[in-house]
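Here is the structure we will look at, set down as structure tokens.
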Amino acid sequence: MEFSSNRRKKFISSHQAEIYGHPLQFYGQPPLENISLMEFETFAVDRLKLLKTIENLGVSYLKGSDDYKKKLNNESKNLNFPYRLEADDRKPQIGLSEHEKRRKDHISHFILRLAYCQTEDLRRWFIQQEVDLFRYRFNELIAKQKLEFMHRNNLQYDTISVAEKKTLQEKLINSSYAVSGITVEEQDFYKVPFQDALDLVRSRRVYLKAGYAYIPHQDIVAIVLNDFRTRISKALALTARSLPAVHSDERLQPLLNHLSHAYVGQDYSIQKNVGKISLEQIDSLSVKSFPLCKRQLHQALKENHHLRHGGRMQYGLFLKGIGLSLEQALQFWRSEFIRGKVDADKFDKQYTYGIRHMYGKEGKRADYTPYSCMKVILSNLPSQGDHHGCPFRHSDQELLKQKLQSYKVSPSGINQILELVKGMHYQLACQKYFELTHNIEEANFSLNHPNQYFIESQRVIVGGKDIKREVGTSQRSQENSAIKGSTGAPEPAAKAPQDLAEMTEDLDSFFQDA
Ligand code: SF4
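Taking my numbering, the leading residue of the sequence shown gets 186, the next gets one more, and so forth.
Given below as structure tokens:
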């Protein structure tokens, strides 16, 4: 049946009224309306920022603590997502701005599903952050809204009978913080398979019998969350199946690919300090101020007098970002390579062009930007003989441990780092490495970029004197960031998606291994 434009509009608005009638969503129905590419991109990048904040807060604060809630509340407010969910309950109808926030929440969730369904790693990360966001939001609802939410989404769980409650009364009181002798009779208890309430089982906050958990009504969030997790997990698997169709859309493909590696901060492409770092300083800077990924590349280059193309690109762009001029870069790479198996002539023929290209002096003359952590972590995975990648993500745990020991990180520091790595918090592990190697209690930044690591390190060591940048001018908009391509090639500063594949291919071809 063909809808006329008016009927379609009416249909969409009643669909929205139904979905946005409650501050919390289960994301059961995808959005139906048309949106601009600009909105698509802004919504996606903002949600990504929110999920990144959730990840960081989850490690720095106790989930659900006042500080955690306050910071998450502020971030939701700043990014224009729903916050203070109980506030609108007193109004008969939601206002326009609240409607917009819920719409943004709905659409952005579905866009990120497309971007994050592609690999197991991405799916796991996305589910974890979405579940934490949902938990926070559900707990912010008042009791009436919780019930309404469950009713709207057909969440009906089995309650135990009055007789069973009476028989188990003492055990129920003893096993749960949420129950006292006075309230036990007044509230419902849900009986669910224990694996549906692992959070409560893990924290010993629930009565267990014969494989079932008896959950008091106050702790209902545990079951709802489990339901939410299962639904998103299934939805991501289903979404992954439709990817070939989505990828055939040449407007969306680079955008979605980039979103899964997305970096939403400064791009470090414009230098105010070009040439302020001398080649002689690099050895000592690599020890004091390089993140582990670049320290390892520098060390490998010194030992082997060669790096394969993945390493050359990651390290070369990083050095460009910290201020190495083109002339210095040529001198740097040449002096190392000719100590190995490459003679000066071969270097000039095979490598000079590639380095000049990286600096925008050849080919399309693009301003290539250093790789962000997400890009290092998620793209162009290192294989044997490679030294690029993120050691926190790509190194074997034992190897990482040995490396940290050789860099004089204390045993307790190493344990803290390995715990974060186990939880797949690679950037936080790197941040911990920063704190330990700079002897500071807490890094007051959220690490997203190897060049940011360098700048923050210099700030601690020399007060940021020679490395200051004018953040205002070099800060790229998220829009630019999100349309960059996702190949293993460097990221040009700002280009339309259709140019991008061509450009990165172009540069890639100059980095073939010798
Ligand atoms: Fe490098 Fe980022 Fe990994 Fe640290 S977290 S080692 S800066 S990629």
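Glycine residues also receive a C-beta, built at the ideal position from the N, C-alpha and C atoms.
This one's a predicted model, so the numbers in the text were calculated from it and none came from an experiment.
Inset, instruction - For Glu315, count neighbouring Cβ atoms within 10 angstroms of its own Cβ and tell me buried if that reaches 16, exposed if not. - result: The residue you call residue 315 lines up with position 130 of the sequence shown. The C-beta of Glu315 has 16 or more other C-beta atoms within 10 Å across all chains shown, which makes the residue buried.
Legend entry - Assigned exposure category for Arg308 - 16 Cβ within 10 Å defines buried: Sequence index remark: in the sequence shown, residue 308 carries index 123 (1-based). By the neighbour-count rule (16 or more Cβ atoms within 10 Å), Arg308 is buried.
Legend entry - Given Val369 as reference, the closest of Phe379, Lys505, Ser346 once Cα atoms are compared: The count along the sequence shown starts at 1 and reaches residue 369 at position 184. Considering only alpha carbons, the answer is Ser346.
Legend entry - Close beta carbons around Thr537, own chain, < 7 Å, minus the five adjacent residues each side: Within the sequence shown, residue 537 is the residue found at index 352, counting from 1. These residues qualify, in order along the chain: Leu515.
Legend entry - Best match in Ile507, Ile562, Gln601 for proximity to Pro555 [C-alpha to C-alpha]: If you number the sequence shown from 1, residue 555 lands on position 370. The shortest Cα separation from Pro555 among Ile507, Ile562, Gln601 belongs to Ile507.
Inset, instruction - Please say whether Gly525 and His491 have beta carbons closer to each other than 9 Å? - result: One-based indexing of the sequence shown puts residue 491 at position 306. One-based indexing of the sequence shown puts residue 525 at position 340. The criterion of a C-beta distance shorter than 9 Å is satisfied by His491 and Gly525.
Inset, instruction - Please indicate yes or no: does the CB of Leu589 lie closer than 8 Å to some heavy atom of the ligand SF4? - result: By one-based count along the sequence shown, residue 589 stands at place 404. At a cut-off of 8 Å, the beta-carbon of Leu589 does not count as near the ligand SF4: no heavy atom of the ligand is closer than that.
Legend entry - Residue(s) in a DSSP beta bridge with Leu393: For the purposes of this step, residue 393 is taken as residue 208 along the sequence shown, with counting starting at 1. For Leu393, which the question treats as bridged, DSSP gives the partners Ala398.
Legend entry - Where Val594 sits in the DSSP three-state scheme: Reading the sequence shown from its first residue, position 409 is the one you call residue 594. If DSSP states are grouped into helix, strand and coil, Val594 belongs with coil.
Inset, instruction - Compute every distance between the C-beta of Ile562 and the non-hydrogen atoms of the ligand SF4, then say whether any falls below 8 Å. - result: As a working note, residue 562 is residue 377 in the sequence shown. With a threshold of 8 Å, the Cβ atom of Ile562 counts as near the ligand SF4, since some heavy atom of the ligand is closer than that.
Legend entry - Where the beta strand (DSSP E) through Pro378 begins and ends: Counted from its first residue, the sequence shown places residue 378 at position 193. Pro378: member of the beta strand (DSSP E) spanning 374–378, first to last residue.
Inset, instruction - Could you say if the stretch 250–264 and the stretch 370–390 meet the contact criterion of at least three C-beta pairs nearer than 8 Å? - result: No contact exists between the stretch 250–264 and the stretch 370–390.
Inset, instruction - Could you check which residue in Ser388, Ser510, Tyr453, Gly648 has the C-alpha nearest to that of Cys558? - result: Locating residue 558 in the sequence shown gives position 373, where the first residue counts as 1. For Cys558, the nearest C-alpha among the options comes from Tyr453.
Inset, instruction - For Leu621, verify whether its CB is less than 8 Å away from any heavy atom of the ligand SF4. - result: On the sequence shown, residue 621 is found 436 positions in, with the first residue counted as 1. For the ligand SF4, not one heavy atom lies less than 8 Å from the Cβ of Leu621.
Inset, instruction - Using alpha carbons as the reference points, say which of His573, Val606, Leu464 lies closest to Glu705. - result: Summary: the structure shown does not reach residue 705, with the chain confined to residues 186 through 699, and so no result is reported for it.
Legend entry - With 16 other Cβ atoms within 10 Å as the buried cut-off, status of His610: Sequence index remark: in the sequence shown, residue 610 carries index 425 (1-based). Residue environment analysis places His610 among the buried positions, since at least 16 neighbouring C-beta atoms fall within 10 angstroms of its C-beta.
Legend entry - Beta bridge counterpart(s) of Phe344 as assigned by DSSP: Position 159 of the sequence shown, counting from 1, holds the residue named residue 344. Just to set this straight, residue 344 is Thr in the shown sequence, not Phe. Answer is Tyr375, bridged to Thr344.
Inset, instruction - Quick one: grab the DSSP three-state call for Asp581. - result: Residue numbering aside, residue 581 sits at position 396 when the sequence shown is read from its first letter. Correct three-state label for Asp581: coil.
Inset, instruction - Tell me whether Lys351 sits in a helix, a strand or coil according to DSSP, three-state version. - result: Translated into positions along the sequence shown, residue 351 becomes position 166. Residue state, collapsed to three classes: helix.
Inset, instruction - Can you tell me which of the three DSSP states Met223 falls into? - result: Within the sequence shown, numbered from 1, the residue matching residue 223 stands at position 38. If DSSP states are grouped into helix, strand and coil, Met223 belongs with the helices.
Legend entry - Nearest-angstrom beta carbon gap, Arg436 and Leu222 [assumed within contact, 8 Å]: Within the sequence shown, residue 222 is the residue found at index 37, counting from 1. Within the sequence shown, residue 436 is the residue found at index 251, counting from 1. Taking C-beta atoms under 8 Å as the contact rule, Leu222 and Arg436 qualify, at a distance of about 6 Å.
Legend entry - Short Cβ contact (9 Å threshold) for Phe201 with His284: Position 16 of the sequence shown, counted from the start, is the residue given in the question as residue 201. Position 99 of the sequence shown, counted from the start, is the residue given in the question as residue 284. It should be pointed out that residue 201 corresponds to Gln in this sequence rather than to Phe. Cβ distance < 9 Å, so Gln201 and His284 count as in contact.
Legend entry - Pro267 to Leu236 span [Cα, whole Å]: As a position in the sequence shown, residue 267 is number 82, starting the count at 1. As a position in the sequence shown, residue 236 is number 51, starting the count at 1. Rounded to the nearest angstrom, the two C-alpha atoms are 14 Å apart.
Inset, instruction - Could you check if Thr415 is buried or exposed, using at least 16 other CB atoms within 10 Å of its CB as the buried criterion? - result: Within the sequence shown, residue 415 is the residue found at index 230, counting from 1. Its Cβ having fewer than 16 others within 10 Å, Thr415 is exposed.
Legend entry - Sequence-distant residues of the same chain with beta carbon closer than 7 Å to Val157, five excluded per side: Residue 157 lies beyond the stretch modelled for the chain, which goes from 186 to 699, so this question has no answer here.
Inset, instruction - Run the CB neighbour count on Lys560, radius 10 Å, all protein chains shown included, and call it buried at 16 or more, exposed below. - result: Locating residue 560 in the sequence shown gives position 375, counting from the first residue. With a threshold of 16 other beta carbon atoms within 10 Å, Lys560 meets it and is buried.
Inset, instruction - Under 7 Å Cβ to Cβ from Phe703, same chain only, skipping five residues before and after it: list those, please. - result: Absent from the model: residue 703. The displayed extent of the chain is 186 to 699, so no value can be given.
Legend entry - Three-way DSSP call (helix, strand, coil) for Arg524 in this model: Within the sequence shown, numbered from 1, the residue matching residue 524 stands at position 339. Reduced to three states, the DSSP call for Arg524 is coil.
Inset, instruction - Tell me whether the beta-carbon of Ala229 lies closer than 9 Å to the beta-carbon of Leu297. - result: What you label residue 229 is simply residue 44 of the sequence shown in a count that begins at 1. What you label residue 297 is simply residue 112 of the sequence shown in a count that begins at 1. Their beta carbons are under 9 Å apart, which means Ala229 touches Leu297 by this criterion.
Legend entry - C-beta contact flag for Ser510 and Gly460 at 9 Å: For the purposes of this step, residue 510 is identified with residue 325 of the sequence shown, where counting begins at 1. For the purposes of this step, residue 460 is identified with residue 275 of the sequence shown, where counting begins at 1. Yes, they are a contact pair.
Legend entry - Distance between beta carbons of Leu264 and Asp231, contact taken as under 8 Å: By 1-based counting over the sequence shown, the position of residue 231 is 46. By 1-based counting over the sequence shown, the position of residue 264 is 79. About 5 Å separates the two Cβ atoms, so the contact holds.
Inset, instruction - Any chance you could list the alpha helix (DSSP H) runs of at least 4 consecutive residues sitting entirely within the stretch 278–313, in chain order? - result: Fully enclosed alpha helix (DSSP H) runs of 4 or longer: 281–301.
Inset, instruction - With a threshold of 8 Å, establish whether the CB of Phe577 neighbours any heavy atom of the ligand NAD. - result: Because the ligand NAD does not appear in the structure shown, any question about it cannot be addressed here, the ligands present being the ligand SF4.
Inset, instruction - Measure the C-alpha to C-alpha separation of Asp434 and Ile540 and round it to an integer number of angstroms. - result: Taking the sequence shown and counting its residues from 1, the one referred to as residue 434 is at position 249. Taking the sequence shown and counting its residues from 1, the one referred to as residue 540 is at position 355. Each residue's alpha carbon lies about 33 Å from the other.
Legend entry - Start-to-end residues for the alpha helix (DSSP H) that takes in Gln484: Counting from 1 along the sequence shown, the entry for residue 484 is found at position 299. First-last of the alpha helix (DSSP H) with Gln484: 477–489.
Legend entry - Endpoints, the alpha helix (DSSP H) within which Tyr536 is located: For the purposes of this step, residue 536 is taken as residue 351 along the sequence shown, with counting starting at 1. Neither: Tyr536 is in no alpha helix (DSSP H) and is coded neither H nor E.
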